[in-house]
Amino acid sequence: MEEKYEKLRDGIYALRTRRTGKIAEIMIKKMLGLEKPDSIFYDLLDTENNKKVEVKFSIAMRANAKKITEENVIEEIMKALKEKRFLKYEEAFNCAFDCNIQQIKTKEFDILYYGIFFSDKIIIFKMTKKEFEENKSKIGYSDKQHKGNKGEGQFHIKKKSLKFHVDNYFFKELSYEDFYNILDINYIKEDNI
31 MEEKYEKLRD GIYALRTRRT GKIAEIMIKK MLGLEKPDSI FYDLLDTENN
81 KKVEVKFSIA MRANAKKITE ENVIEEIMKA LKEKRFLKYE EAFNCAFDCN
131 IQQIKTKEFD ILYYGIFFSD KIIIFKMTKK EFEENKSKIG YSDKQHKGNK
181 GEGQFHIKKK SLKFHVDNYF FKELSYEDFY NILDINYIKE DNI
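Residue 125 in the numbering used here sits at position 95 of the sequence shown; the count goes up by one each step and never skips.
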């Protein structure tokens, strides 16, 4: 991977949840030619098809080998600076990880784009409102994300469920070069993206 794309990827891994979500929204908006929403309750608007769009992404990282305890707290903090927890897409089918697709406002979208930033590529999934409603239990959706939050929930993508999402909701795979080009305001969109 070229250095500037590695830096882009490393920067994504360094971001916090809300900022990761924002860059995913920008990516989907630019990639699909969507518009800013006319409401605060969903992320984007497909004006051509009159559809409300929700965008949720997570970063894939290897699960920590040890739980933090009173006995190892200092050691685990210091190891976190050295450890590479990056996870490649192909490794994810055989490695413990947990991607939380959260704050899904179920009554507010027509289409859900969700995905995972892996260390070597970005995998994007797409699910319609109907598919979501019909498969809540299959994807492990829980509406108990935060106490008192009504109409909002989450599901997890892990080693054991990744294949289900790939087989049923796969939309697109992007390299970090593709991602860079989508975000670059000077880039002219090509047909293959």
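C-beta: ideal position from N, C-alpha, C; glycine also.
Note that this is a predicted model, so its numbers are computed, not measured.
When only Cα atoms are considered, Gln133 and Glu105 end up about 33 Å apart. Of the candidates Lys59, Asp197, Lys60, Phe185, Phe185 places its Cα closest to the Cα of Gly170. Bounds of the beta strand (DSSP E) holding Gly145 are 141 to 147.
Cβ neighbours of Asp68 within its own chain (closer than 7 Å, five residues either side excluded): Leu75. Taking all protein chains shown into account, Ala95 has fewer than 16 neighbouring C-beta atoms within 10 Å of its C-beta and is therefore exposed.
Out of Ile53, Lys59, Glu101, Lys189, the CA that lies nearest to the CA of Phe123 is found in Lys189. Taking C-beta atoms as the reference points, Arg92 and Phe148 fail to come closer than 8 Å.
C-alpha of Met57 to C-alpha of Ser191: approximately 25 Å in a straight line. In the structure shown, Glu163 falls within a helical segment according to DSSP collapsed to helix, strand and coil. Residue pairing from DSSP places Gln184 in a beta bridge opposite Ser172. In the DSSP assignment, Val196 is bridged to no other residue. Per DSSP, the continuous beta strand (DSSP E) segment holding Met157 begins and ends at 152 to 158. DSSP places Asp76 inside the beta strand (DSSP E), whose first and last residues are 74 to 76. According to the DSSP assignment, Asp40 belongs to the alpha helix (DSSP H) that extends over 33 to 44. In the three-state reduction of the DSSP assignment, Phe71 falls in the coil class, being assigned neither a helical nor a strand state.
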